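Engineer:
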Amino acid sequence: AGSGDVVIRGTDINVETAKATFSEFLDAFKSVEICEARLADPGYDDPLVEPHAPPLLASVASAGSPSYPLDCLHLYYHSPASRALYQQLVDYPQEIVPLMDAIINARVLALLALELGEPPPEPPQVQVRPFHFRDVSHMRSLDPSHIDKMVTLQGMVLRCSPIIPDLKVALFKCCACGQLEEAFIDRGHISEPSLCPGCATRNSFDLVHNRSTFADKQLVRLQETPDEVPAGETPASGGFSSERIAEIEALSRRPDIYSALTKALAPSIWELDDVKRGVLAMMFGSSVKKGGGKAPPGEGSDEEEEEEEASKGNGDTAGKRVHKRGDVNILLCGDPGTAKSQLLGYVHKIAPRGVYTSGKGSSAVGLTASVVRDPETRELVLESGALVLSDQGVCCIDEFDKMSESTRAILHEAMEQQTVSIAKAGIICSLNARCSILASANPLESRYNPSMSVVENIKLPPTLLSRFDLIYLVLDQPSAESDRRLAKHLVGLYSDTQQDPSEVEDVIPQAMLKDYVAYARNNIHPELSDLAGSELVNAYLEMRKMSGNPKVISATPRQLESLIRLSEALAKMRLSIVVERKDVQEAVRLMKVSTQSAATDPRTGRIDMDMITTGVAAVDRADQEQLAAAISDLLSQKRGTRVAVRDITKAISEQSNLVVDTPEIIEALKVLHNDGSVQYAERNQTVFVRAQLQ
1 AGSGDVVIRG
11 TDINVETAKA
21 TFSEFLDAFK
31 SVEICEARLA
41 DPGYDDPLVE
51 PHAPPLLASV
61 ASAGSPSYPL
71 DCLHLYYHSP
81 ASRALYQQLV
91 DYPQEIVPLM
101 DAIINARVLA
111 LLALELGEPP
121 PEPPQVQVRP
131 FHFRDVSHMR
141 SLDPSHIDKM
151 VTLQGMVLRC
161 SPIIPDLKVA
171 LFKCCACGQL
181 EEAFIDRGHI
191 SEPSLCPGCA
201 TRNSFDLVHN
211 RSTFADKQLV
221 RLQETPDEVP
231 AGETPASGGF
241 SSERIAEIEA
251 LSRRPDIYSA
261 LTKALAPSIW
271 ELDDVKRGVL
281 AMMFGSSVKK
291 GGGKAPPGEG
301 SDEEEEEEEA
311 SKGNGDTAGK
321 RVHKRGDVNI
331 LLCGDPGTAK
341 SQLLGYVHKI
351 APRGVYTSGK
361 GSSAVGLTAS
371 VVRDPETREL
381 VLESGALVLS
391 DQGVCCIDEF
401 DKMSESTRAI
411 LHEAMEQQTV
421 SIAKAGIICS
431 LNARCSILAS
441 ANPLESRYNP
451 SMSVVENIKL
461 PPTLLSRFDL
471 IYLVLDQPSA
481 ESDRRLAKHL
491 VGLYSDTQQD
501 PSEVEDVIPQ
511 AMLKDYVAYA
521 RNNIHPELSD
531 LAGSELVNAY
541 LEMRKMSGNP
551 KVISATPRQL
561 ESLIRLSEAL
571 AKMRLSIVVE
581 RKDVQEAVRL
591 MKVSTQSAAT
601 DPRTGRIDMD
611 MITTGVAAVD
621 RADQEQLAAA
631 ISDLLSQKRG
641 TRVAVRDITK
651 AISEQSNLVV
661 DTPEIIEALK
671 VLHNDGSVQY
681 AERNQTVFVR
691 AQLQ
């Protein structure tokens, strides 16, 4: 056989053919569009465009970069020969990549010699870094057939090890005669020479570390993403195509786009339209505010800018850049069987990034980060939790009410500052948790009690409740007509028969909805118009007056910030770069049907935001102050003495003819204690009170 037929043993790789194909690709490839046009029309004349590789090679040579980025889709579409080389790269990467390295290094060396006028003192060591393969594999589908092949996986990075040396060529020295021997790596193993050819001494070789050859090595631990890209499809990192963008923009011009998006979100869930509208606003989100301006994703909000500013020190940035979150947090609270968990699961599938977890099975470490020992380096490293993994996505938390107090405590920082601070095992850092939180909670007594406030129903701390932009009460309210339609809807989901044509609606496909949301989040960053700003101010002032009592707070600045976020999210749904007045009006309506409805005092029928922000309604606070005044009058004649709480409870009940509980007495005593008129101490499960001497 001729030299042209010689192949590497165990492969179909002809070295000379592979080198010639890759060299021709570097010299001739211009763009994928030109390759497709040439394939469709053999007579197509290539435009006078510079090939893709030469400027990239020049930048690698001038910058001294250690790697050359090779887009493998370019190699696949260039020509039939390059497509065969692409397949060989996938099947035999250990043979093909060194061939490509040699060609790239030869070209970089020629560029450096031309620039310097002479060969450089040290030859370049550039490695080809292939990326953007055509096929994406599932983690669960990996088997022994993938060994020694180039595999593309999609997942969430749990942790990365530091760059560690990986031995490639070992240099051994005989300790008897000084003979040097090299040993090369063979499928991950290096065999130490056993017999010295110089002095015939056995087992006399030592490894000379500083003269051996090492390569950089880094270990990355991945976790499966919620929606794996099916095998055979282009990965999402390649971008939404121009045709898809045109479809998205055409969809945004529909006059009923808001209604269409609402119907497309969880169409199997009956009604809950206002809940779906709020969840849609959460998925679209608003822009992050920094220093009074906006930082769209990928520009001012990326990690590189934050690291750059952090390196300047707190003194350079204090007071200049104020971070305002752009993510919307939502709490669904209500009766069992109202599809709260199903809605969370659907959002988890649609969200571009996120984690689904249960409150009962979550710990503080599982939400933030855990300290583990790396099995390779034996160093302590951080492993990300649910909130960190959901960065720039959605964290869905089911059974939110069943979380422990210690677990809920860490959510305060994550929901407002959108960071998670860690101080464990000598590791002190602050991790990004820029995510929306969609949580669902069941009432304390299984069914929601309308005669009690939302705080009394779910027993969540007010400081945590106040961080939710929208709080929806999802209640099971019996109604003959509504129950009949719901039953018909559920039966239709399990039936194989065709539905009534009048009830069949044009629903946006799930894939299109996901692409639409992702495109809006990444590319649309609306600004407030003057009319929208005036409407926001007027709406906030009206909300402040809704209680009808100047002592009762019906809206706080947090609600105003929530209105801004919701208004921007509603503008994003239309792919509009301007927030209009109608967006603000719809945001106010969503606020009224959710948070303000949850903050309505069932005894007075008035909105009282203190129920959410402090956990105590204005009516309860007035009763508490009245009870404290009565106790103060009772103790005014007993200064310098110590009185048991049970005696105070009995005396107050006799005076007012009302049944007063001991906890109510203790809360009133705390008010007096803060005023400095009494002191109390808890001893042996009994609380004693001593009046202060004036």
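If you're matching positions, the sequence shown starts at 1 in the UniProt record's numbering and goes up one per residue. Backbone N, C-alpha and C fix where the C-beta goes; we use that ideal spot for every residue, glycine too. The structure presented is a predicted model; accordingly, all values stated were derived computationally and were not measured.
(1) Using the Cα positions of residue 516 and residue 105, report the straight-line distance between them to the nearest angstrom.
(2) Per DSSP, what kind of secondary structure is residue 183 in: helix, strand or coil?
(3) Does residue 160 pass the burial test, meaning 16 or more other C-beta atoms within 10 Å, or should it be called exposed?
(4) Hey, is the segment 427-441 in contact with the segment 562-576, meaning 3+ C-beta pairs nearer than 8 Å?
(5) Near residue 61, which residues of its chain fall below 7 Å by C-beta distance, leaving aside the five closest residues on each side in sequence?
(6) Look up residue 19 in the DSSP assignment and give the residues it is bridged to.
(7) Checking the sheet assignment: what are the DSSP bridge partners for residue 221?
(8) Would you check if there are 3 or more beta carbon pairs closer than 8 Å linking the segment 527-544 to the segment 577-595?
(9) Where do the ends of the beta strand (DSSP E) carrying residue 540 lie?
(10) Here's a check: name, in chain order, each residue in its chain whose Cβ is nearer than 6 Å to the Cβ of residue 625, leaving out the five neighbours to either side.
(11) Count the other CB atoms, across all protein chains shown, that sit within 10 Å of the CB of residue 697; report buried if there are 16 or more and exposed otherwise.
(12) Using a Cβ-Cβ cutoff of less than 7 Å, which residues in the same chain neighbour residue 403 once the five nearest sequence positions on both sides are dropped?
(13) Could you tell me the alpha carbon to alpha carbon distance between residue 10 and residue 46, rounded to whole angstroms?
(14) Please report how far the alpha carbon of residue 518 lies from the alpha carbon of residue 124, in whole angstroms.
(15) Tell me whether residue 477 is buried or exposed, calling it buried when 16 or more other Cβ atoms sit within 10 Å of its Cβ.
(16) Do you know how far the Cα of residue 48 is from the Cα of residue 707?
(17) Can you tell me which of 76, 88 and 366 puts its alpha carbon nearest to the alpha carbon of residue 132?
(18) Given that a residue counts as buried once 16 or more other Cβ atoms are within 10 Å of its Cβ, and exposed if not, what is residue 428?
(19) Would you tell me roughly how many angstroms separate the C-alpha atoms of residue 265 and residue 282, rounded to the nearest one?
(20) With DSSP collapsed to three states, give me the class of residue 284.
(21) Could you pull the DSSP bridge partners for residue 250 from this structure?
(22) Decide if the segment 175-183 is in contact with the segment 142-156; the criterion is three or more beta carbon pairs, one per stretch, under 8 Å apart.
(23) Would you kindly check if the distance between the Cβ of residue 398 and the Cβ of residue 341 is under 8 Å?
(24) If distances are taken between C-alpha atoms only, which option among 88, 59 and 257 comes closest to residue 21?
(25) How about residue 166 and residue 214: do their beta carbons lie closer than 8 Å?
(26) On the three-pair Cβ rule with 8 Å, is the segment 470-484 touching the segment 415-430?
(27) How far does the beta strand (DSSP E) with residue 192 in it extend, from its first residue to its last?
(28) At what residues does the beta strand (DSSP E) containing residue 373 begin and finish?
(29) Along the alpha helix (DSSP H) that carries residue 481, what are the first and last residues, could you check?
(30) Give every residue of the same chain whose Cβ lies closer than 6 Å to the Cβ of residue 422, excluding the five residues on either side of it in the sequence, and list them in chain order.
(31) If you draw a straight line from the C-alpha of residue 28 to the C-alpha of residue 243, how long is it?
(32) Do residue 163 and residue 101 have their beta-carbon atoms positioned less than 8 Å apart in this structure?
(33) I believe residue 666 touches residue 645 by the beta-carbon criterion, under 8 Å. Please report the beta-carbon distance rounded to the nearest angstrom.
(34) Rounded to the nearest angstrom, what separates residue 693 and residue 632 at their Cα positions?
(35) In whole angstroms, what separates the C-alpha of residue 352 from that of residue 522?
(36) Which word fits residue 354, buried or exposed, when buried means at least 16 other C-beta atoms lie within 10 angstroms of its C-beta?
Structural biologist: So, from the listed chains and residues:
(1) In the sequence shown, residue 516 corresponds to position 516, counting from 1. In the sequence shown, residue 105 corresponds to position 105, counting from 1. So the alpha carbons of these two residues sit roughly 43 Å apart.
(2) Along the sequence shown, read from residue 1 onward, the residue named residue 183 stands at position 183. It is a strand residue.
(3) Numbered from its first residue, the sequence shown carries residue 160 at position 160. By the neighbour-count rule (16 or more Cβ atoms within 10 Å), residue 160 is not buried but exposed.
(4) no
(5) Taking the sequence shown and counting its residues from 1, one reaches residue 61 at position 61. If we look at residue 61 and ignore the five residues flanking it on each side, its Cβ neighbours are 108, 111 and 112.
(6) Here residue 19 refers to the residue found at position 19 when the sequence shown is read from its first residue. Residue 19 pairs with nothing; no bridge assigned.
(7) Translated into the one-based positions of the sequence shown, residue 221 becomes position 221. DSSP, once it has assigned bridges, lists 159 as partnering residue 221.
(8) yes
(9) What you label residue 540 is simply residue 540 of the sequence shown in a count that begins at 1. Here residue 540 belongs to no beta strand (DSSP E); instead the alpha helix (DSSP H) covers 530-545.
(10) In the sequence shown, counting from the first residue as 1, residue 625 sits at position 625. Closer than 6 Å at the Cβ level, and outside the excluded window around residue 625, lies no residue.
(11) Since the first residue of the chain shown is 1 and the last is 694, residue 697 is not available in this structure.
(12) Start at 1 with the first residue of the sequence shown, and residue 403 comes out as number 403. Taken in chain order, the residues that qualify are 359 and 362.
(13) Locating residue 10 in the sequence shown gives position 10, where the first residue counts as 1. Locating residue 46 in the sequence shown gives position 46, where the first residue counts as 1. Rounded to whole angstroms, residue 10 to residue 46 spans 38 Å at the Cα level.
(14) Start at 1 with the first residue of the sequence shown, and residue 518 comes out as number 518. Start at 1 with the first residue of the sequence shown, and residue 124 comes out as number 124. Cα to Cα, the separation comes out at about 41 Å.
(15) Here residue 477 corresponds to residue number 477 of the sequence shown, with the count starting at 1. Flag for residue 477 reads exposed.
(16) Nothing can be reported for residue 707, as the shown portion of the chain is limited to 1 through 694.
(17) Numbered from its first residue, the sequence shown carries residue 132 at position 132. Residue 132 has its Cα closest to that of 76, out of 76, 88 and 366.
(18) Position 428 of the sequence shown, counting from 1, holds the residue named residue 428. That one is exposed.
(19) Counting from 1 along the sequence shown, the entry for residue 265 is found at position 265. Counting from 1 along the sequence shown, the entry for residue 282 is found at position 282. Their Cα atoms are separated by approximately 12 Å.
(20) Translated into positions along the sequence shown, residue 284 becomes position 284. Reduced to three states, the DSSP call for residue 284 is helix.
(21) Residue 250 sits at position 250 when you count from the first residue of the sequence shown. For residue 250, which the question treats as bridged, DSSP gives no partner whatsoever.
(22) no
(23) Locating residue 341 in the sequence shown gives position 341, counting from the first residue. Locating residue 398 in the sequence shown gives position 398, counting from the first residue. For residue 341 and residue 398, yes; Cβs fall inside 8 Å.
(24) Position 21 of the sequence shown, counted from the first residue, corresponds to residue 21. Closest by alpha carbon: 88.
(25) Numbered from its first residue, the sequence shown carries residue 166 at position 166. Numbered from its first residue, the sequence shown carries residue 214 at position 214. It is a contact, given that the beta carbons lie within the stated cut-off.
(26) no
(27) Taking the first residue of the sequence shown as position 1, residue 192 is located at position 192. No beta strand (DSSP E) contains residue 192, which DSSP labels as neither H nor E.
(28) Taking the sequence shown and counting its residues from 1, the one referred to as residue 373 is at position 373. Looking at the DSSP string, the run of the beta strand (DSSP E) that includes residue 373 is 369-373.
(29) Against the sequence shown, residue 481 aligns to sequence position 481. Where residue 481 is concerned, the enclosing alpha helix (DSSP H) stretches over 480-494.
(30) Counting from 1 along the sequence shown, the entry for residue 422 is found at position 422. Closer than 6 Å at Cβ, skipping near neighbours: 369 and 429.
(31) Here residue 28 corresponds to residue number 28 of the sequence shown, with the count starting at 1. Here residue 243 corresponds to residue number 243 of the sequence shown, with the count starting at 1. Near 27 Å, if we compare the C-alpha coordinates of residue 243 and residue 28.
(32) In the sequence shown, the residue the question calls residue 101 occupies position 101. In the sequence shown, the residue the question calls residue 163 occupies position 163. No, the Cβ-Cβ distance between residue 101 and residue 163 is not below 8 Å.
(33) Taking the first residue of the sequence shown as 1, we reach residue 666 at position 666. Taking the first residue of the sequence shown as 1, we reach residue 645 at position 645. Going by Cβ atoms, the distance from residue 666 to residue 645 rounds to 7 Å, so yes, they are a contact pair.
(34) Taking the first residue of the sequence shown as 1, we reach residue 693 at position 693. Taking the first residue of the sequence shown as 1, we reach residue 632 at position 632. Below a pLDDT of 50, predicted positions are generally treated as unreliable, and residue 693, at 39, falls in that range; no measurement from the model is reported.
(35) Here residue 352 corresponds to residue number 352 of the sequence shown, with the count starting at 1. Here residue 522 corresponds to residue number 522 of the sequence shown, with the count starting at 1. Between residue 352 and residue 522, the C-alpha separation is close to 11 Å.
(36) One-based indexing of the sequence shown puts residue 354 at position 354. The residue is buried, with at least 16 neighbouring Cβ atoms inside 10 Å.
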